[in-house]
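Below, the structure written as structure tokens:
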């Protein structure tokens, strides 16, 4: 079922994030009680009930929590990235060289934002949705953040449209020939 797939990808995503040594704390914002309970079972994970409906308010809520608790940067990782790896997140952290920067991993169509590192956490207004890749880059430019783009087949595949799910389920290969199924 769809719910089982969401839970499986969520658990896998948390596994990936918690294996990244430079990520010291994870904040999960959701309206789903099952997801929040799964998050609460993890070490160094804070689970917050969504205060306002919608992806951008949830991300803002998480980034605000991180800011209030002394975070110098945040890495936003939606849970529709079934192939994201520790190496992806490490590579993005390696690209975050300036005090004011945005490292962004677009979707495979260069339209949406899949993973985003923002330093400082409150430096931009989050604009997930249609054409968010360009919207986030424009926000970064307007707020004088250094922008770096990170692309990989594993960070680029999200499950936004039926073709994405079909590609994931087919175990196809992208760009560098790595198999996408696990």
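In this note's numbering, the protein residues as written are 266 to 447. The beta-carbon is built from N, C-alpha and C at its ideal position, and this holds for glycine as well.
Buried versus exposed, by CB contacts within 10 Å (16 or more), residue i
i	result
residue 410	buried
residue 404	buried
residue 384	buried
residue 291	buried
residue 345	buried
residue 353	buried
residue 373	buried
residue 319	exposed
residue 304	buried
residue 394	exposed
Segment limits, beta strand (DSSP E) that includes residue i
i	result
residue 325	Run containing residue 325: none in the beta strand (DSSP E); it sits in the alpha helix (DSSP H), 320 to 333.
residue 287	Run containing residue 287: none; DSSP gives neither H nor E here.
residue 412	411 to 414
Selection from the options that minimises the alpha carbon distance to residue i
i	options	result
residue 347	275, 268, 269	275
residue 284	351, 373, 315	351
residue 362	281, 412, 419, 420	412
residue 336	392, 364, 419, 297	364
residue 397	305, 273, 267, 321	321
residue 331	382, 297, 419	382
residue 358	296, 277, 282	282
residue 418	407, 333, 379, 310	379
residue 297	339, 408, 272	272
residue 287	302, 267, 277, 339	339
residue 356	416, 376, 377	416
Whole-angstrom C-beta distance between residue j and residue i, which should lie under 8 Å
i	j	result
residue 307	residue 279	6 Å
residue 293	residue 313	7 Å
residue 315	residue 328	Residue 315 to residue 328, Cβ: 14 Å. No contact.
residue 371	residue 414	7 Å
residue 367	residue 389	7 Å
residue 369	residue 334	Not quite, the Cβ-Cβ distance comes to about 23 Å (not below 8 Å), so this is no contact.
residue 391	residue 325	6 Å
Residue i (DSSP reduced to helix, strand or coil)
i	result
residue 295	strand
residue 365	coil
residue 385	coil
residue 206	A question about residue 206 goes unanswered here, because the residues of the chain that appear run from 266 up to 447.
residue 440	For residue 440, the pLDDT reaches just 35, beneath the cut-off of 50, and the residue's location in the model is therefore unreliable, leaving the point undetermined.
residue 347	coil
residue 336	coil
Cβ-heavy atom distance, residue i to the ligand NAD, below 6 Å
i	result
residue 296	Judged by which ligands are present, the structure shown has none, so any question about the ligand NAD falls away.
N-terminal and C-terminal residue of the alpha helix (DSSP H) that residue i is part of
i	result
residue 314	Premise fails: residue 314 lies in the beta strand (DSSP E), 310 to 314, not in any alpha helix (DSSP H).
residue 281	267 to 283
residue 351	351 to 360
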